[in-house]
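The opening residue of the sequence shown carries number 19 in this note's numbering; numbering runs sequentially from there.
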Amino acid sequence: MMKIKIYILSVFMAIVSWSCCNNNREQSTSVDVLELSDKSIEKEMIKYISFIKNRDSGKWKDADTIRFYINYCQINDSVERFVISAFINPEHFKNNPFYSLCKVGKDTCFFKFVKWDKVNRLVPQYIQPSKEKYEKLVERFFPVAHRSIKNRGYIYPQILYEPEICCITVKNGVIIESHMYRGLPDDVFHGIEDETGTIPNDLN
Numbered sequence: 019m020m021k022i023k024i025y026i027l028s029v030f031m032a033i034v035s036w037s038c039c040n041n042n043r044e045q046s047t048s049v050d051v052l053e054l055s056d057k058s059i060e061k062e063m064i065k066y067i068s069f070i071k072n073r074d075s076g077k078w079k080d081a082d083t084i085r086f087y088i089n090y091c092q093i094n095d096s097v098e099r100f101v102i103s104a105f106i107n108p109e110h111f112k113n114n115p116f117y118s119l120c121k122v123g124k125d126t127c128f129f130k131f132v133k134w135d136k137v138n139r140l141v142p143q144y145i146q147p148s149k150e151k152y153e154k155l156v157e158r159f160f161p162v163a164h165r166s167i168k169n170r171g172y173i174y175p176q177i178l179y180e181p182e183i184c185c186i187t188v189k190n191g192v193i194i195e196s197h198m199y200r201g202l203p204d205d206v207f208h209g210i211e212d213e214t215g216t217i218p219n220d221l222n
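Here it is as structure tokens:
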């Protein structure tokens with residue numbers, strides 16, 4: 019099972035309330051901040067995050083800091099999968115709301131559980147933020163976009179940013195595969211079953 023330390027205990031209430039916790043705008047959050055206790059997984063995530071930031075940061079003069087999503091799915095009793103993706107458009111939150119914040123190295127990432135369902139395949143687990151909470155979220159993590167929305171009524175400039183995504187597969191607590199690919203985060207969860215509808219042997 020994935021091991022995560024929870025800094026703040028009131029998980030559900032904190033997510034629902036989205037209240038302000040301290041004076042540091044970057045580190046303060048109304049959502050719990052999780053920490054990956056498995057340092058080998060964190061190290062692999064940091065490698066991907068560093069690659070993306072070193073390559074893409076500063077490409078656009080009027081753009082916010084690159085942010086990262088972590089989608090987590092427990093495939094079965096022994097296999098887990100983490101998918102890390104980068105984005106700079108806060109509208110991403112509307113279509114891909116998250117569950118909690120997660121600290122990876124020095125970066126604050128957005129963490130979401132994806133439940134594996136043999137019938138429905140993928141069942142995202144999240145809480146949809148209201149319009150007011152969404153605006154506060156944008157103000158905190160995307161100040162450039164927030165100023166644009168406030169002054170223009172929309173995000174400017176509109177930037178198409180679809181970098182590589184990183185997939186990390188863990189079996190019995192050990193990384194068995196890690197790679198970058200192009201596509202959507204959920205793509206890596208689909209197709210994991212073979213033609214018989216069962217999980218491949220190497221993932222059992």
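Heads up, the beta-carbon is just placed ideally off N, CA and C, and yes, glycines get one too. Quantities reported herein were computed from a predicted structural model and do not represent experimental measurements.
In this structure, how does DSSP classify residue i when only helix, strand and coil are distinguished?
i    : result
K124 : coil
F116 : coil
I173 : coil
K189 : strand
N42  : Legend: pLDDT at N42 = 38, less than 50; position of this residue unreliable, value from coordinates given subsequently. Reduced to three states, the DSSP call for N42 is coil.
F111 : helix
N89  : strand
I4   : Examination of residue 4 is not possible in this model, given that the chain is present from 19 through 222 alone.
F160 : coil
K79  : coil
I106 : coil
T47  : Note that T47 scores a pLDDT of 39, beneath 50, so its modelled location is shaky; the value from the coordinates is reported in the next line. In this structure, T47 counts as coil in the three-state DSSP scheme.
S166 : helix
L178 : coil
P203 : helix
S148 : coil
Taking 6 Å as the cut-off, does the CB of residue i come closer than this to any heavy atom belonging to the ligand SAH?
i    : result
P147 : Summarising the ligand content, the structure contains no ligands, and the ligand SAH is consequently not present.
Can you tell me which of the options puts its alpha carbon nearest to the alpha carbon of residue i?
i    : options                  : result
P181 : S166, P203 and E60       : P203
I186 : P115, I93 and S166       : I93
K189 : E53, H164 and D95        : D95
F160 : Y66, G123 and F111       : F111
V162 : Q176, K61, N72 and I193  : Q176
I173 : V192, E153 and G191      : E153
F100 : I64, P147 and Q146       : I64
K151 : K133, K130, V51 and P115 : P115
C127 : I67, I194 and G76        : I67
I'd like to confirm the pairing. Which residues does DSSP put opposite residue i in its beta bridges?
i    : result
M198 : C184
F129 : I88 and S118
Q69  : In the sequence under discussion, the amino acid at residue 69 is Phe, which differs from the Gln named in the question. Its beta-bridge partners do not exist; DSSP assigns none.
E98  : Q92 and V188
Counting beta carbon pairs with one atom in the region 195-202 and one in the region 74-86, are three or more of them shorter than 8 Å? no
Whether or not the region 100-109 and the region 167-182 are in contact is what I'm after, with contact meaning three or more pairs of Cβ atoms, one per stretch, closer than 8 Å; do they touch? yes
Under 8 Å, with one C-beta from each stretch per pair, do the region 112-121 and the region 66-81 reach the 3-pair mark? no
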